[in-house]
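Heads up, the thing below is written out as structure tokens.
Residue numbers (our numbering): 1106 to 1340.
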């Protein structure tokens, strides 16, 4: 019996009403992603890639179609069910880091574990361990304003992986970083995903980031125009 894909996008369409006009951001997207696959959604600004990420993550509802993740149809969930699903299954890495400025690196990383009900000593130990793994063992008590962009993104990576999620969404994760830091961050992200056999979906317009993926799905004007599987450049 063939195993169902880890992520299945079926007939996904998204349209927005802008005054008297209807703007179609996505046009009937059909897509499957396997467990453990590192997949890049690639395209220029306005191609629909960020909209696709938002719909796959349950951040907004589609106009038509459905998204199934690990056998659960997230497009049929209410807000509370979606929030619980994301807490238990999903990690996010953002271009703007999205760290809370009033929390230290360790507190930012421990926060998802608090939402999952993990008791304080365990979440503090887990946050310390994963921050050490990303090379920030000496920055546990630093606030975001006391860290460089690369250090803030390492903190964001630690936060995304601390719950050991099944699925990681990375939205232009190196857009604010220089080329050397970008390589370090991508090596780190992909290395974690490979080590823990986690599925990662990277959204980017940068071909250098796309090169890290097992598969590159190119969008243009809300449609898939190319779907290329290849050997990853990361071993």
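All residues carry an ideal CB built from backbone N, CA and C; glycine is no exception.
(message) Buried or exposed for residue 1148, going by 16 or more other Cβ atoms inside 10 Å?
(response) Here residue 1148 corresponds to residue number 43 of the chain shown, with the count starting at 1. Residue 1148 is buried by the Cβ-count criterion.
(request) Would you kindly work out how many angstroms separate the C-alpha atoms of residue 1266 and residue 1125, rounded to a whole number? (result) In the chain shown, residue 1266 corresponds to position 161, counting from 1. In the chain shown, residue 1125 corresponds to position 20, counting from 1. Cα-Cα distance, rounded: 43 Å.
(request) Spatial neighbours of residue 1340 within its chain, please: CB distance less than 7 Å, with the 5 preceding and 5 following residues excluded, ordered by chain position. (result) Sequence index remark: in the chain shown, residue 1340 carries index 235 (1-based). Legend: pLDDT at residue 1340 = 38, less than 50; position of this residue unreliable, value from coordinates given subsequently. Contacts found: none.
(message) Taking 6 Å as the cut-off, is the C-beta of residue 1334 nearer than that to any heavy atom in the ligand FMN?
(response) No copy of the ligand FMN appears in this structure; indeed no ligand is present at all.
(message) With the cut-off set at 7 Å, would you say residue 1156 and residue 1130 are in Cβ contact?
(response) In the chain shown, counting from the first residue as 1, residue 1156 sits at position 51. In the chain shown, counting from the first residue as 1, residue 1130 sits at position 25. Against a cut-off of 7 Å, the Cβ pair of residue 1130 and residue 1156 comes out as a contact.
(request) May I ask you to report which of helix, strand or coil DSSP gives residue 1305? (result) Counted from its first residue, the chain shown places residue 1305 at position 200. Strand, per DSSP.
(request) Evaluate contact between the stretch 1288-1299 and the stretch 1202-1217, counting only Cβ atoms and requiring at least three cross-stretch pairs below 8 Å. (result) no
(message) Please list the terminal residues of the continuous beta strand (DSSP E) segment that includes residue 1239.
(response) Start at 1 with the first residue of the chain shown, and residue 1239 comes out as number 134. No beta strand (DSSP E) contains residue 1239, which DSSP labels as neither H nor E.
(request) Pull up the distance between the alpha-carbon of residue 1279 and that of residue 1182, whole angstroms please. (result) As a position in the chain shown, residue 1279 is number 174, starting the count at 1. As a position in the chain shown, residue 1182 is number 77, starting the count at 1. Residue 1279 and residue 1182: Cα-Cα distance of roughly 31 Å.
(message) Between which residues of its own chain and residue 1334 is the CB-CB distance below 6 Å, once the five residues before and five after are set aside?
(response) Mapped onto the chain shown, residue 1334 falls at position 229. Around residue 1334: 1320.
(message) Let me check understanding here. Comparing Cα to Cα, which of 1205, 1207, 1176 and 1208 lies closest to residue 1194?
(response) Within the chain shown, the letter at position 89 stands for residue 1194. The shortest Cα separation from residue 1194 among 1205, 1207, 1176 and 1208 belongs to 1176.
(request) Examine the Cβ distances between the stretch 1156-1172 and the stretch 1246-1264 and report whether three or more of them are shorter than 8 Å. (result) no
(request) If I'm right that residue 1141 touches residue 1302 with Cβ under 8 Å, what's the distance once you round it to whole angstroms? (result) Here residue 1141 corresponds to residue number 36 of the chain shown, with the count starting at 1. Here residue 1302 corresponds to residue number 197 of the chain shown, with the count starting at 1. Confirmed, Cβ separation roughly 5 Å.
(request) Count the CB pairs spanning the stretch 1188-1206 and the stretch 1151-1166 that are closer than 8 Å, and state whether there are at least three. (result) yes
(request) Would you decide whether residue 1276 is buried or exposed? Buried here means 16 or more other CB atoms lie within 10 Å of its CB. (result) Position 171 of the chain shown, counting from 1, holds the residue named residue 1276. Under this definition residue 1276 is a buried residue.
(request) For residue 1297, name the three-state secondary structure that DSSP assigns. (result) In the chain shown, the residue the question calls residue 1297 occupies position 192. Reduced to three states, the DSSP call for residue 1297 is helix.
(request) Give me whichever residues DSSP pairs with residue 1333 in a beta bridge. (result) The residue labelled residue 1333 in the question sits at position 228 within the chain shown. The partner list for residue 1333 (beta bridge, DSSP) reads 1321.
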